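Novice:
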Amino acid sequence: MKSELLNALVSDDGSRVDRRIFSDEDVYRREQETVFAESWLFVGHESQVSQAGDFVLSRMGEESVIVARSREGQVHVSLNSCRHRGLPVCRADKGRANTFSCPYHGWTYSCDGALTGMPGQESYYPDIIKTDWGLVQARVELYKGLIFATFSETQVGLEQYLGDSRFYLDTLVDRRGQGTEVIGVQKWRVKTNWKMPTENMVGDVYHAGFSHRSVFDMHPDAKQAYAEIESSLNVAIEGGHGLTARYFTEGTPIQDRVPCEQQLLMLSADVLAYYEQHDQQTKKYMGELRTRIKPATSAVFPNLHLLSTTYCIRVGHPVSADETEIWNWIIVEKDMPESVRDAIKQNYYFLFGPEGMLEQDDDENWEQVTQGSHGVQASRHPFHLSMGMKGQSEVEDQCVELPGLVATTRSEHPQRNFYRHWHQVLTSQYGGGQE
Amino acid sequence: MMSAVTMEEHFYIEQALYQEARWLDKRNFQQWLDWLADDVAYCVPSRFDRKPQGRNESWKIDEELSQTALDLHLSENNKMTLTARVMRLTGNRSFSEVPPSRTTRVISNVEVHRHEQDDCYRVDSVFNLQRSRLQNQRDRFTGRREDVLRRKGAGFELLQRRVILNDTVLRSPNLSVFF
Numbered sequence: 107m108k109s110e111l112l113n114a115l116v117s118d119d120g121s122r123v124d125r126r127i128f129s130d131e132d133v134y135r136r137e138q139e140t141v142f143a144e145s146w147l148f149v150g151h152e153s154q155v156s157q158a159g160d161f162v163l164s165r166m167g168e169e170s171v172i173v174a175r176s177r178e179g180q181v182h183v184s185l186n187s188c189r190h191r192g193l194p195v196c197r198a199d200k201g202r203a204n205t206f207s208c209p210y211h212g213w214t215y216s217c218d219g220a221l222t223g224m225p226g227q228e229s230y231y232p233d234i235i236k237t238d239w240g241l242v243q244a245r246v247e248l249y250k251g252l253i254f255a256t257f258s259e260t261q262v263g264l265e266q267y268l269g270d271s272r273f274y275l276d277t278l279v280d281r282r283g284q285g286t287e288v289i290g291v292q293k294w295r296v297k298t299n300w301k302m303p304t305e306n307m308v309g310d311v312y313h314a315g316f317s318h319r320s321v322f323d324m325h326p327d328a329k330q331a332y333a334e335i336e337s338s339l340n341v342a343i344e345g346g347h348g349l350t351a352r353y354f355t356e357g358t359p360i361q362d363r364v365p366c367e368q369q370l371l372m373l374s375a376d377v378l379a380y381y382e383q384h385d386q387q388t389k390k391y392m393g394e395l396r397t398r399i400k401p402a403t404s405a406v407f408p409n410l411h412l413l414s415t416t417y418c419i420r421v422g423h424p425v426s427a428d429e430t431e432i433w434n435w436i437i438v439e440k441d442m443p444e445s446v447r448d449a450i451k452q453n454y455y456f457l458f459g460p461e462g463m464l465e466q467d468d469d470e471n472w473e474q475v476t477q478g479s480h481g482v483q484a485s486r487h488p489f490h491l492s493m494g495m496k497g498q499s500e501v502e503d504q505c506v507e508l509p510g511l512v513a514t515t516r517s518e519h520p521q522r523n524f525y526r527h528w529h530q531v532l533t534s535q536y537g538g539g540q541e
Numbered sequence: 003m004m005s006a007v008t009m010e011e012h013f014y015i016e017q018a019l020y021q022e023a024r025w026l027d028k029r030n031f032q033q034w035l036d037w038l039a040d041d042v043a044y045c046v047p048s049r050f051d052r053k054p055q056g057r058n059e060s061w062k063i064d065e066e067l068s069q070t071a072l073d074l075h076l077s078e079n080n081k082m083t084l085t086a087r088v089m090r091l092t093g094n095r096s097f098s099e100v101p102p103s104r105t106t107r108v109i110s111n112v113e114v115h116r117h118e119q120d121d122c123y124r125v126d127s128v129f130n131l132q133r134s135r136l137q138n139q140r141d142r143f144t145g146r147r148e149d150v151l152r153r154k155g156a157g158f159e160l161l162q163r164r165v166i167l168n169d170t171v172l173r174s175p176n177l178s179v180f181f
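Sequence order for the protein chains is A and B.
Numbers given in the working numbering equal positions in the first sequence, counted from 1, plus 106.
Numbers given in the working numbering equal positions in the second sequence, counted from 1, plus 2.
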């Protein structure tokens, strides 16, 4: 794709987005060289690799990586590709191993990626310097149990990368310093571009009333339920992150501001009891203000999604320009009682995941968007993302107490923020280089 | 080895499975719900690639399935949640099924054994479920079902179903279909 075309894919204010970014192979290829090569990507949770030798397969963009804990106790993220002929050296989704051997010629690597052996090394490779031929290592940093990795050497540190999104992220992953663990994983493929789920997560409350009306129809007080989520705030955060969250006034009783779906309280009385029991400690630990914030859906650039009220943490891995593989876990506090976990699971199965009654309609929408992004005529007409703007002006911040650009759900500023940032990364010089 | 059932029992149970497949293919969801026991347990585990420990033949399929408190299944339902799903499906407002999926279920390799409980049978079968939707959506689900059927009046009802899919990554945007 010519650079003039690339530069015009997203308008400067983010209010117009070229449909080809959801379907074009050149754009997709360039994303792999820029967005996915340069960003911090979520690859798993510490609880998945709690012991030395524990490993899980994960992905960074299109590529397979091994997340493993070494004998020394460090988490390593290695490209799952033998340095000799490129085969994956690990083909199990999870397990415990001392070494990973390539099935072709038997080159063998340890959990930290070091090349430890080759069959007949003395006669076949008398002079090889083994330290030069370990598995390709990604930079690894942890944020409160979440493992991130990047192949970039120049990307800023993880904390800086997450920036203000940490303020909100903590309401799911670090409410009172007790640690979390993940339950999962479900994996399924949706024929959509990976950006659609992210766009949906950064602040699309608008779709819920129409798209999910089959679920609202079952609600005893559907109008009230929808009015509640509509009263959320949309937040755009520097770095392409964003979310939508409820924000309660001081003195709101705990049962109204629990960080989960209200429906969960009906599934088990233990849920409310759990949050009541820990409310004081939570206020002390993360501040009273943050016990009044209830994020619903969030995205960390580029493809990490949190559906906090259903305890979901998920990644939309790119498969091709119009296919995405979703990996979904539930994230819970380590000391959460079994009864609360069971209620969370039950609620999750009902609403999200491949059989989830909300999810099914989301996945359907995302597939249809992708279909609507092909075609010469359709591609000549960009998408409308002006909601909330007055002319060319971005919406004004409506809550200084909260970090990020905060406004009502009647504004698509988080989506604009996501696409502007995406475009900036795509068109910057690093990675692939301009044509 | 569980004791064998009579040819007649086998015949009627096999017919019940075909009938169930037909109800689902023809979208007779209410009849399908009626065939589910009130205490039905319906589960589709997630599946993983694992490296066999020891020889392959001793590697149990269960090791590849979600089974612990730290795993998520692909689907877990009881009568209430299945009823809600059917209600949604047939409500004409669930866009993932507007227009609805067109499905064909092929049920085969039916084996019937006695269950520890006198009025129950353990029924294994394999299935191939083809789903087409709109102009270009086409999904195929292949796997095995491990059912427990219970006598009810002159017929049977479905008490338990565990669906073991071959795929580790679901190649379908949703599980809006029942196995």
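We put the beta carbon where it would ideally sit given N, CA and C, even for glycine.
These numbers were taken from a predicted model, which means no experiment stands behind them.
Considering only residues of the same chain and omitting the five flanking positions on each side of Ala23(B), which have a CB-CB separation below 7 Å?
Specialist: Answer for Ala23(B): Arg107 and Ile109, listed in chain order.
Novice: Assign His527(A) to one of three DSSP states: helix, strand, or coil.
Specialist: In this structure, His527(A) counts as helix in the three-state DSSP scheme.
Novice: Taking C-beta to C-beta, are Leu453(A) and Leu370(A) nearer than 7 Å?
Specialist: Here residue 453(A) is Asn; the residue named in the question, Leu, does not match the sequence. Going by C-beta atoms, Asn453(A) is nearer than 7 Å to Leu370(A).
Novice: My parser needs the beta strand (DSSP E) runs of 3 or more residues fully inside the region 101-150 of chain B; what are they?
Specialist: If we require 3 residues or more, the beta strand (DSSP E) runs fully inside the region 101-150 of chain B come out as 104-116 and 122-135.
Novice: Any contact of the region 315-326 of chain A with the region 412-431 of chain A, i.e. 3+ C-beta pairs under 8 Å?
Specialist: Counting Cβ pairs under 8 Å, fewer than three are found: no touch.
Novice: Compare the C-beta of Lys108(A) with all C-beta atoms of chain B and state if any pair is closer than 7 Å.
Specialist: Taking Cβ atoms only, chain B never reaches closer than 7 Å to Lys108(A), which makes this a no.
Novice: In terms of DSSP beta bridges, what is Lys301(A) paired with?
Specialist: For Lys301(A), which the question treats as bridged, DSSP gives no partner whatsoever.
Novice: Tell me whether the beta-carbon of Leu268(A) lies closer than 7 Å to the beta-carbon of Gly240(A).
Specialist: The answer is no: Cβ separation not under 7 Å.
Novice: Compare the C-beta of Asp119(A) against all C-beta atoms of chain B and say whether one is closer than 7 Å.
Specialist: Taking Cβ atoms only, chain B never reaches closer than 7 Å to Asp119(A), which makes this a no.
Novice: With Thr85(B) as the anchor, note down where its alpha helix (DSSP H) starts and where it stops.
Specialist: Run containing Thr85(B): Lys81 to Leu91, per the alpha helix (DSSP H) assignment.
Novice: Which runs of the alpha helix (DSSP H), 4 residues or longer, sit entirely within the region 426-484 of chain A?
Specialist: Qualifying alpha helix (DSSP H) stretches, in chain order: 444-457 and 465-477.
Novice: Whole angstroms is fine: what's the gap from Tyr231(A)'s alpha carbon to Tyr417(A)'s?
Specialist: Approximately 51 Å, taken between the alpha carbons.
Novice: If we cut at 7 Å on Cβ distances, does Asp64(B) have a partner in chain A?
Specialist: No, Asp64(B) lies away from the interface with chain A (no Cβ there is under 7 Å from its Cβ).
Novice: Quick check on the DSSP output: the alpha helix (DSSP H) that includes Gln227(A) runs from which residue to which?
Specialist: That run of the alpha helix (DSSP H) goes Gln227 to Tyr230.
Novice: With 7 Å as the threshold, decide whether the Cβ of Trp294(A) is near any Cβ in chain B.
Specialist: Yes, because at least one Cβ of chain B sits closer than 7 Å to the Cβ of Trp294(A).
Novice: Smallest Cα separation from Ser176(A): which of Ala203(A), Arg189(A) and His527(A)?
Specialist: Ranking the options by Cα distance to Ser176(A), first place goes to Ala203(A).
Novice: What does Asp40(B) reach in chain A if we use C-beta pairs closer than 9 Å?
Specialist: Chain A residues near Asp40(B): none, gap ~18 Å exceeds 9 Å.
Novice: Can you give me the C-alpha to C-alpha distance between Asn186(A) and Arg142(B), rounded to a whole angstrom?
Specialist: Straight-line Cα distance between these residues: approximately 29 Å.
Novice: Where does Lys53(B) fall in DSSP's three states?
Specialist: If DSSP states are grouped into helix, strand and coil, Lys53(B) belongs with coil.
Novice: May I have a chain-ordered list of the alpha helix (DSSP H) segments no shorter than 4 residues that lie completely inside the region 207-278 of chain A?
Specialist: You should have 227-230 and 264-268.
Novice: Alpha carbon to alpha carbon, what distance is there between Ala156(B) and Asp120(B)?
Specialist: Cα to Cα, Asp120(B) sits roughly 15 Å from Ala156(B).
Novice: Chain A beta carbons: is any one of them nearer than 7 Å to that of Pro175(B)?
Specialist: So, interface residue.
Novice: How do the region 253-260 of chain A and the region 141-148 of chain A stand: do at least 3 beta-carbon pairs fall below 8 Å, yes or no?
Specialist: A contact exists between the region 253-260 of chain A and the region 141-148 of chain A.
Novice: Is there a C-beta anywhere in chain A that falls below 7 Å from the one on Phe13(B)?
Specialist: Taking Cβ atoms only, chain A never reaches closer than 7 Å to Phe13(B), which makes this a no.
Novice: Can you pull the DSSP bridge partners for Met107(A)?
Specialist: Paired residue(s): none; Met107(A) is not in a bridge.
Novice: Whole angstroms is fine: what's the gap from Gln69(B)'s alpha carbon to Val291(A)'s?
Specialist: Whole-angstrom Cα-Cα distance: 12 Å.
Novice: Alpha carbon to alpha carbon, what distance is there between Val125(B) and Ile343(A)?
Specialist: The straight-line gap from Cα to Cα measures roughly 54 Å.
Novice: Alpha carbon to alpha carbon, how far is Leu161(B) from Val88(B)?
Specialist: So the alpha carbons of these two residues sit roughly 18 Å apart.
Novice: Please list, in chain order, the chain A residues whose beta carbon lies closer than 7 Å to that of Ser134(B).
Specialist: Per Cβ cutoff of 7 Å: no residues; Ser134(B) is ~14 Å from chain A at best.
Novice: For the region 125-133 of chain A against the region 503-514 of chain A, do three or more pairs of beta-carbon atoms, one drawn from each stretch, fall closer than 8 Å, so that the two count as touching?
Specialist: The region 125-133 of chain A, when compared against the region 503-514 of chain A, does not touch it at the 8 Å Cβ threshold.
Novice: In angstroms with no decimal places, state the Cα-to-Cα distance between Ile436(A) and Phe13(B).
Specialist: Those two C-alpha atoms are separated by around 43 Å.
Novice: To which residues does DSSP link Ser404(A) through a beta bridge?
Specialist: Ser404(A) is bridged to Leu349(A) and Leu412(A).
Novice: Could you please give me the residues that DSSP links to Gly422(A) through a beta bridge?
Specialist: Note: Gly422(A) sits in a beta bridge opposite Ile432(A).
Novice: Count the other CB atoms, across all protein chains shown, that sit within 10 Å of the CB of Gly348(A); report buried if there are 16 or more and exposed otherwise.
Specialist: Buried, by the Cβ-count rule.
Novice: Check whether the Cβ atoms of Asp469(A) and Asn176(B) sit closer than 7 Å, and answer yes or no.
Specialist: It is a contact, given that the beta carbons lie within the stated cut-off.
Novice: What three-state label does DSSP hand Trp78(A) in the structure shown?
Specialist: The question about residue 78(A) has no answer here: the residues shown for chain A are numbered 107 through 541.
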